[in-house]
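Here's the structure we're looking at; comments come further down.
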Amino acid sequence: MENRIGVYICHCGTNIAGKVDVEKVREYASHLKNVVIARTYMFMCSEPGQEMIIKDIKEYGLNRIVVAACTETLHGHTFREAAKKGGLNPYLVQMVSIREFDSWVTENKEEATEKAKSLIRAGVYRVNYHRPVETTTYPVNSNVLIVGAGIAGITAALVLADSGKHVYLVEKQGFIGGNMAKFDKTFPTLDCASCILTPKMSAVKNNPNITLYTYSDVEKIDGFIGNFDVTINRRPRYVREDLCIGCLSCIENCVYKEPKFISEFDEGIGKRKPVYVSFPQAIPLVPVIDPETCIQFRTGKCVQTCLKGCPTKAIDFSMKEEKVNVKVGAIIATTGFKVFDASRDSKYGYGKLPNVFTTIQMERMLNSAGPTGGEIRLQDGSVPKEVAIINCVGSRNENFNAYCSRVCCMIGLKHAHMIKDRIGADVTIFYTDIRANGKGYEEFYRKIMLEGVNFVRGEVASIIPSENNRLTIIFEDTLLSRVRKKEVDMVILNVGLEPHDDWEDVRKVLNLTCTKEGWLMEKHPKLAPVTSLSDGRFIAGAAQFPKDIPDTVAQAEAAAAEAMSLVDRGVVESEPNVISIDENKCSGCKMCISVCPFNAITYNEEKNIAEVNIGLCKGCGACNAVCPSGAISQNNYTDDELFAEIMGVLRE
Amino acid sequence: MNDNFEPKIVAIFCYWCTTQAAELAGTSRMTYAPNVKIVKTMCTGRVDPQFILWAFRNGADGVIVSGCHPPSDCHYEDGNFKWFRKYVLLSKTLEQAGIDPKRLRQEWISASEADKLKKVITEFTEEIRALGPLKHPIREGGD
Amino acid sequence: MGKPKVGFYWFASCGGCEESQVDIADKLIDVVNAVDIAIWPVALDFKDSDLEKLEDGELVACFLNGAITNSEHRKIAELFRKKSKYVIAYGACSYMGGIPGLEVSKDKESLIERVYLKGDIVVNPDKVVPVQEFKEDGVRIEIPEIYERPYSLDEVIDVDFYVPGCPPTPNVFLDAVNTLLSGKIPEKGYVFGSRKSLCNECPLNKTKPEKVLVKEFKRPHEVILDPEKCYLAQGVICLGPVTRGGCDALCIKGGMPCTGCFGPLEGIKDYGAKAISYIASILDSKDLDEIRKTLEKIPDPLGTFYRYSLPRSLFYQKSVGDKK
Amino acid sequence: MKEITISPLTRLEGHGKIEIFLNDSGNVDKAYLVIDELRGFENFCRGRPSEDMPQITQRICGVCPTAHHTASVKALDSLYDVKPTHTARLIRELMYNLFMVEDHALHFYILAGPDIIVGPKAPKEERNVVGIIKKVGIETASYIIKTRKSVRDMMQYIGGKTVHPVFGLPGGVAKALKPEDKEKLQELAKAAKEFSIKTLETFKNVVLKNKDIFDLFMNEAYRHETYYMGLVNSKNQDEFYDGPIRVVDPKGNEYAKFPVEEYEKHLAEHVEPWTFVRFTYLRNVGWKGFVDGKDSGIISVAPLARLNVSDSMATPLADHAFGEFYDTVGEKPAHYTLMNHWARVIEILYAAERIEEIVKNEELYGKNIRNIPEKVNEKRTGYGVVEAPRGTLIHKYVTDERGIMKDLDLIVATQNNAARMSLSIERAAKYFIKGDQVEEGLLNMVEMAYRAYDPCLACATHELTGMHIFDLNIRNNKGEIIKTSVIGN
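Chains as they are written, first to last, in my numbering: chain B, 9 to 660; chain H, 1090 to 1232; chain V, 1471 to 1794; chain A, 66 to 554.
Here it is in structure tokens:
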């Protein structure tokens, strides 16, 4: 039966119609071969727009649909569904982007109109070759994997667990809580971070629907949306979680009487023993033994007082790596951020000059549970009288990070307030612009100003030591545009946020897309802000881009909701773009097997042909490109479809 | 010479990286030459050298293929490398057959590099404009 | 009615096609008995007046070998088309342009100069070169118009079937003859030989690993091939995967890789491009520079991947059968 | 004068033709051998890897591909300075002699046979394969076909393919023979020898025992006193595969003996505007136009020439036949063109005897068939020469340091004979065609003049498209065709 094509051209308000003469294009399209009806409409994606297609399919006996509008990424699904409602196989629809690929990127109206014609022509040529694609549906595993147990991961985990989904929460560190666990107070309300976080942390611990894997990494993810097969690697903490009761007597009894090793959690300003917990309320309250510093591991000749002191003999020096396999239907990546390493920008003298700290170190210093018990001290133990806070360290700077880290301004204000509040020191904030664009933020900014904090709009040139351990800041006052000096006792560098160093590996393991800096990419900034480009994988928190706690929590709950809607749906469609092999054409030359990255194709010795396991096929089409017998065709990307499309964009 | 010559250019982009970059360029309203028409495949590994010859045969003066950055951006392990290998061998063949290999351009443009996409498209269009229309028997095939 | 009339003819060919027809040897007699060979220059005296005398469509089939390289070839080809029910392009030259078809990528002028003026041992002080029309006291000798390039037969006339090979093997020839005699006429454009590629019948295919990944491609004279192992897997370019089978893997049995004289299978638009696609794809390297260097060592992609098919390639083929 | 017009005749083009022009008195004025098309191996081989040449250049000719293949692979040996292993050389020689047997046999029985066996003056419709079968009987006929086939099957086994073999590689061959092949080969050798003896007998019966034909063979019309050229071994014996090129003058004295690397010194090519073929001649004697004699550089190659440049034959039976030959002809060199037929059957015998020797040699079945070439020689130039059935065949390649072809020069057998062929045609025409009485049988005798050379126009015109038939046109003084004929070679 010959093809009957309907072409639908979207105005998208003025987004398209403002540039493209849609009527002209419609007129042109209506004369293309096999086109039965061509229409334009204000918003094709709207209910009436879809109805129009459904109606025409019945009325005009359409068996092919071309929609010229935004992009397939955005609305491909919408129009496939419409076709389905009209009784067509959804894959007999071809979407043509005349917005993103034309009206939005073309200046001249005539040119935009001409381009739209050729793109639509290509779509029409192509759709002629579309074949119905039958996708199977797979049951969805209702478990969810969450990678990263900071405030984002914890929030998402609780939302899902409370709704009865089982969550596997994987944390690289020995203890959950992420960066937030390090904070003292949160802006702008100044309520204490732990008061918010600790209840959530223990809720995680106590929720039977949450399996927590700390000190662990996700090693491998196989399978596809709805049916992921996850391999988790649990690094040995040498204290057995099943036996430990969290009395911490091992730390008591460690042969090191005093903590003498740098505490990572305390950002270098505190010390710990070889056996440690990050902080007293840590979850899980099971210490970690660090083999780098533990005598038993370094020499093998330790008296093992920790073990002797352990009531349950939970200490086990022979613990090994352990692989755990879990099956999940959805994945949420909440891998968080790291702060900018201030020593990369030498002008601040960070790491060289005493009394130059970062905001995250200050958080620990301010934290009553922190190394200084909340006391603000210089290296020599004295109390600073003059403190400088320097904003935008590593941010808004082409040499490091061009972007604004969004949270620093508020952190600086918070610290200024707390320092004044606790030690009454004179505080000066060196800022570029103060960005206080959140609920109650501007008010907070005002409040701090009234508290008498000095604000200098300045660009710091360098910090040099001066008499009695003081620091001289040389800077350009960008309001007076003069170079000035300022002497202080303490400098706090307001460092920006960055993706973790290992973002590439994480991206690869989770098969996500990242920006060039390494932030996780969302499918669409507005329409799908917590959905990744890879099916069944969602993202939340500062791993996507720097954001404060309220935004992070909001995103986490959104991601949880997205994941829930997927696993509650119960079924997913199989990958539609899989390949098929025509065994009457296949010569058994094995070239496809050689290029398949997923070992989805195998050789049938006795039939002397190749066979595909579509469960493993992820639809890249590499085998289609090489098949020298023309026996392989990839759904929705057959040779004929692509040849037709290429010809279409070029000529009548 | 070719004052009113408007190059015809086909751009074959992989879905994951360069097509996303093109969509980002759109949402960011970055304007570029209308000469370039995008055809998408799931992966550059899908690109068959036949497509390139087919494009030239049907009137393309230039072809760009762009995918995910090597080594590890490809969502199908190494589709980008598979394309690159074909590209190298094909370019040499084009040259032998008397088609300037500059008319086939290979790029890596990641999902976030809309600016690079704009730059590449603009550059390439000008380069092809300078080269002039493709004159080769491959054109006589045009039916 | 009498025996079906058939005709044989050659255009620009080397005579190998005739040899391949004669090589059916003993079976030749059967063929001769089954049909009435109206025209066969290699064995029987023939003038094209004989051809003109025939009724239109009187020949059931004609087997035409050799590429079309001048106006006279075209004239006779058209005559055969008129007189024959089925026109069969016989052999690589007629089917795809063949090895002399490589000429399409070169220019004619340089040839005349090379051969007649710059020939290594040519003595030609007066710069004499052959002319289209030679006149000298009463003597007049004409040479037909020579085309710029060789054409495959279906670029000049409508062709019904193809017999591939350089030359076709006696078996494929017999298969074609017998199929037509049996009356089971295949669909238009049918290419005789196997429906599958050479690998399908290659005795070495079972020795080919499931994943063929090659570190580098060696030129055939640089290695001693193990005759018992897939040559491609040994790193030598073999075009078996992309080449129609039916040749009994003669070259393979002769210790050399396939060079593709049987041409592509159905659904492949461009033989060479497809060859490039799989050869490049199985290169085992994820280092851009290494990839460049390694592939640089394939000295002549055009001549390697289009050795028999350049005139019929997407690069040069005149009449495109792929019109949308 | 009365014109004989056989017309209308649309002339066949796109292949060679002989143009004979009559003067006012209707006698032959001029005759031309015209080859009229361009192919261009010299052109498109450039840029190709040299190792592909054995397979590419043989597409010049599907009748003698083995000759081109072998000359080509020898050029590669020399380009890479690599000697084939002893086993490889034996395999190449075996292949080559098998080829000589079947190719010579094809010519003697199928192409020349009609004239010799059926008879030059026999009606045209009988002068073809069918006529021969009638004459020699179906058994003999099928015996000939069977033997030729068994030889060609063996060639396929050794070379991969019979038409366009693939086995040749610089430094050796692609495929080794197995010890178990010995038996097969010895049987074949035996069969080939019997066949060649029978063939020689056949020749004697139809020619020597038939006065008319013998007189025709010894007819002045077919006699030219030219130089002769061919390969010889160290004992100045007829050689196909390798050896120096020897040239004797019309008196039979050695004029030159040189390795192929020096061919440019001794040979030159002459160009005529009315044909695409280049005429080879002796550079130091010079081009004197289409005339024979000691002062004309025109040379002749092919079987008769090879015998003429040899002092004897390397194998017993062939050597005996060689003696017989010259005793009968009564001169050495023998200048009678038709004697090529006799020389040819003697060479079949020689080739068969060589095959017998080679298959006896245990080393033929060795495993060591390749020496891997290192790199191209300083000059980046390779020379290869063989005796094709139709005469001396030279391939010369120039490459870059990677062995990629920059240039090639091919001197092929029929080209070496082209000048003398033109002579023969004109002379025979003048002799047989008098007062435009162009009688069919006589006309065929003109054709015989060139057919004796077994010319391969595909080869002769490697620049050109191969062609195997050509027209013979006779035109009156007005240049109008008064008679035409088509000749299959």
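By construction, the Cβ of each residue, glycine as well, lies at the ideal position given by its N, Cα and C atoms. All values derive from a computational prediction rather than experimental measurement.
Open item on the list: Only counting the same chain, and skipping five residues up and downstream in sequence, which positions put a Cβ closer than 8 Å to that of residue 582 of chain B?
Closed with: Sequence index remark: in the first sequence, residue 582 of chain B carries index 574 (1-based). Correct list, in chain order: 143, 144, 145, 146, 232, 622 and 623.
Open item on the list: So, for residue 307 of chain B: in the same chain, excluding its five sequence neighbours on each side, which residues have a beta-carbon less than 7 Å away from its beta-carbon?
Closed with: Residue 307 of chain B sits at position 299 when you count from the first residue of the first sequence. There are no such residues.
Task: Test: residue 1173 of chain H CB closer than 9 Å to a CB of chain B - done: In the second sequence, the residue the question calls residue 1173 of chain H occupies position 84. Using beta-carbon distances, residue 1173 of chain H does not count as an interface residue toward chain B, since no partner is under 9 Å.
Task: For residue 337 of chain A and residue 491 of chain A, the rounded distance between their alpha carbons - done: As a first step, residue 491 of chain A must be located in the fourth sequence, where it is residue number 426. As a first step, residue 337 of chain A must be located in the fourth sequence, where it is residue number 272. Straight through space, the alpha carbons of residue 337 of chain A and residue 491 of chain A are spaced by roughly 16 Å.
Open item on the list: In whole angstroms, give me the CA-to-CA distance for residue 462 of chain B and residue 1162 of chain H.
Closed with: As a working note, residue 462 of chain B is residue 454 in the first sequence. As a working note, residue 1162 of chain H is residue 73 in the second sequence. The straight-line gap from Cα to Cα measures roughly 47 Å.
Task: Distance CB(residue 152 of chain B)-CB(residue 240 of chain B) smaller than 9 Å - done: Here residue 152 of chain B corresponds to residue number 144 of the first sequence, with the count starting at 1. Here residue 240 of chain B corresponds to residue number 232 of the first sequence, with the count starting at 1. No. Outside cutoff.
Task: Straight-line Cα distance separating residue 1572 of chain V from residue 530 of chain A - done: For the purposes of this step, residue 530 of chain A is identified with residue 465 of the fourth sequence, where counting begins at 1. For the purposes of this step, residue 1572 of chain V is identified with residue 102 of the third sequence, where counting begins at 1. With a pLDDT of 31 at residue 530 of chain A, under the threshold of 50, the modelled position of this residue cannot be trusted; read the value that follows with caution. Cα to Cα, the separation comes out at about 13 Å.
TODO: Under 8 Å Cβ to Cβ from residue 536 of chain B, same chain only, skipping five residues before and after it: list those, please.
DONE: Start at 1 with the first residue of the first sequence, and residue 536 of chain B comes out as number 528. So the list reads 530, once near-sequence residues are dropped.
- [ ] Measuring only between beta-carbons, confirm whether residue 1586 of chain V sits less than 9 Å from chain A.
- [x] One-based indexing of the third sequence puts residue 1586 of chain V at position 116. Closer than 9 Å to some Cβ of chain A, the Cβ of residue 1586 of chain V qualifies, so yes.
Task: Chain-ordered chain C contacts of residue 1229 of chain H [CB-CB under 7 Å] - done: This model lacks chain C altogether; the protein chains it does include are B, H, V and A.
- [ ] Please determine if the region 18–31 of chain B and the region 75–85 of chain B are in contact, where contact requires at least 3 C-beta pairs separated by less than 8 Å.
- [x] With a cut-off of 8 Å, the region 75–85 of chain B and the region 18–31 of chain B count as touching, because enough Cβ pairs lie within range.
Open item on the list: Taking 6 Å as the limit between beta carbons, can you name the residues of its chain near residue 147 of chain A, skipping five residues before and five after?
Closed with: As a working mapping, residue 147 of chain A is identified with position 82 in the fourth sequence. Within the same chain, and ignoring the five residues on either side of residue 147 of chain A in sequence, the residues whose Cβ sits closer than 6 Å to its Cβ are 235, 236, 436 and 438.
Open item on the list: Going by DSSP in three states, residue 465 of chain B sits in which element: helix, strand or coil?
Closed with: For the purposes of this step, residue 465 of chain B is taken as the residue at position 457 of the first sequence. Strand.
TODO: Could you tell me the boundaries of the beta strand (DSSP E) in which residue 438 of chain B lies?
DONE: Taking the first residue of the first sequence as 1, we reach residue 438 of chain B at position 430. Element bounds for residue 438 of chain B: 434–439.
TODO: Please confirm whether residue 99 of chain A and residue 163 of chain A have their CB atoms less than 9 Å apart.
DONE: Position 34 of the fourth sequence, counted from the first residue, corresponds to residue 99 of chain A. Position 98 of the fourth sequence, counted from the first residue, corresponds to residue 163 of chain A. Going by beta carbons, residue 99 of chain A and residue 163 of chain A fall outside the 9 Å limit.
- [ ] Pair every Cβ in the region 1157–1175 of chain H with every Cβ in the region 1131–1141 of chain H, then say whether three or more of these pairs are closer than 8 Å.
- [x] Touching, yes, given that three or more Cβ pairs across the two stretches are closer than 8 Å.
Open item on the list: If the cut-off is 7 Å on Cβ atoms, which residues from the region 1141–1165 of chain H count as contacting chain B, listed in chain order?
Closed with: Those would be 1143, 1144, 1147, 1148, 1149, 1161, 1164 and 1165, in chain order.
Open item on the list: My output table needs one value for residue 518 of chain A: the three-state DSSP class, helix, strand or coil.
Closed with: For this step, residue 518 of chain A is matched to residue 453 along the fourth sequence. Residue state, collapsed to three classes: coil.
Open item on the list: Quick check on residue 92 of chain A: buried or exposed, where buried means 16 or more other Cβ atoms within 10 Å of its Cβ?
Closed with: Counting from one through the fourth sequence, the residue named residue 92 of chain A turns up at place 27. Counting Cβ neighbours within 10 Å, residue 92 of chain A comes out exposed, since fewer than 16 surround it.
Task: Top-ranked residue by Cα proximity to residue 421 of chain A, from A:150, A:483 and A:379 - done: Start at 1 with the first residue of the fourth sequence, and residue 421 of chain A comes out as number 356. Restricting attention to A:150, A:483 and A:379, the CA atom closest to the CA of residue 421 of chain A is found in A:379.
- [ ] Assess, as a yes-or-no matter, whether the region 164–182 of chain B is touched by the region 1102–1112 of chain H under the definition of 3 or more beta carbon pairs within less than 8 Å.
- [x] Output reads no: the region 164–182 of chain B does not touch the region 1102–1112 of chain H.
TODO: Work out the CA separation of residue 279 of chain A and residue 273 of chain A for me, nearest whole Å.
DONE: In the fourth sequence, counting from the first residue as 1, residue 273 of chain A sits at position 208. In the fourth sequence, counting from the first residue as 1, residue 279 of chain A sits at position 214. Going from the Cα of residue 273 of chain A to the Cα of residue 279 of chain A covers about 6 Å.
- [ ] Report the residues of the region 505–517 of chain B with a CB closer than 7 Å to any CB of chain H, ordered along the chain.
- [x] Of all residues in the region 505–517 of chain B, only 512 and 516 place a beta-carbon less than 7 Å from a beta-carbon of chain H.
Task: Straight-line Cα distance separating residue 1669 of chain V from residue 1710 of chain V - done: What you label residue 1710 of chain V is simply residue 240 of the third sequence in a count that begins at 1. What you label residue 1669 of chain V is simply residue 199 of the third sequence in a count that begins at 1. Using only the alpha carbons, I get a separation of about 6 Å.
- [ ] Report the neighbours of residue 588 of chain B on chain V: residues whose CB is nearer than 9 Å to its CB, in chain order.
- [x] Looking up residue 588 of chain B in the first sequence gives position 580. Counting only Cβ-Cβ distances below 9 Å, residue 588 of chain B has no contacts in chain V at all, with the closest Cβ about 14 Å away.
TODO: Please say whether residue 1527 of chain V and residue 1482 of chain V have beta carbons closer to each other than 9 Å?
DONE: The count along the third sequence starts at 1 and reaches residue 1482 of chain V at position 12. The count along the third sequence starts at 1 and reaches residue 1527 of chain V at position 57. Taking 9 Å as the Cβ cut-off, residue 1482 of chain V and residue 1527 of chain V do not qualify as a contacting pair.
TODO: Using only alpha-carbon positions, find the residue among B:499, B:465 and B:504 that is nearest to residue 488 of chain B.
DONE: What you label residue 488 of chain B is simply residue 480 of the first sequence in a count that begins at 1. The shortest Cα separation from residue 488 of chain B among B:499, B:465 and B:504 belongs to B:465.
TODO: Report yes or no: is there a C-beta of chain B within less than 9 Å of the C-beta of residue 1737 of chain V?
DONE: Taking the first residue of the third sequence as position 1, residue 1737 of chain V is located at position 267. Chain B, which has a Cβ nearer than 9 Å to the Cβ of residue 1737 of chain V, makes this yes.
TODO: For the beta strand (DSSP E) containing residue 295 of chain A, list its first residue and its last residue.
DONE: In the fourth sequence, the residue the question calls residue 295 of chain A occupies position 230. Here the beta strand (DSSP E) through residue 295 of chain A covers 292–296.
Task: Short Cβ contact (9 Å threshold) for residue 505 of chain B with residue 345 of chain B - done: Within the first sequence, the letter at position 497 stands for residue 505 of chain B. Within the first sequence, the letter at position 337 stands for residue 345 of chain B. Taking the C-beta atoms as reference points, residue 345 of chain B is found nearer than 9 Å to residue 505 of chain B.
Task: DSSP bridge partner residues for residue 545 of chain B (one or two, in chain order) - done: Here residue 545 of chain B is taken as the residue at index 537 of the first sequence, counted from 1. Looking at the DSSP assignment, residue 545 of chain B forms a beta bridge with B:339.
Open item on the list: Which residues in chain B have a C-beta closer than 8 Å to the C-beta of residue 1667 of chain V? List them in chain order.
Closed with: Working through the third sequence from its first residue, we reach residue 1667 of chain V at position 197. Residues of chain B whose Cβ lies closer than 8 Å to the Cβ of residue 1667 of chain V are, in chain order, 595, 597, 636 and 637.
- [ ] Could you check what DSSP says for residue 94 of chain A in three-state terms: helix, strand or coil?
- [x] If you number the fourth sequence from 1, residue 94 of chain A lands on position 29. Of the three classes helix, strand and coil, the one that applies to residue 94 of chain A here is strand, per DSSP.
TODO: Determine which residues of the region 19–44 of chain B have a Cβ less than 7 Å from any Cβ of chain V, and write them out in chain order.
DONE: Here the close residues number zero.
Task: Inter-residue CB distance, residue 589 of chain B and residue 625 of chain B (contact presumed, cutoff 8 Å) - done: Taking the first residue of the first sequence as 1, we reach residue 589 of chain B at position 581. Taking the first residue of the first sequence as 1, we reach residue 625 of chain B at position 617. Between residue 625 of chain B and residue 589 of chain B the Cβ distance is about 10 Å, and since that is not below 8 Å, they are no contact.
- [ ] Please name the residue or residues paired with residue 302 of chain A in a DSSP beta bridge.
- [x] Numbered from its first residue, the fourth sequence carries residue 302 of chain A at position 237. Note: residue 302 of chain A is bridge-paired with A:377 in the DSSP secondary-structure output.
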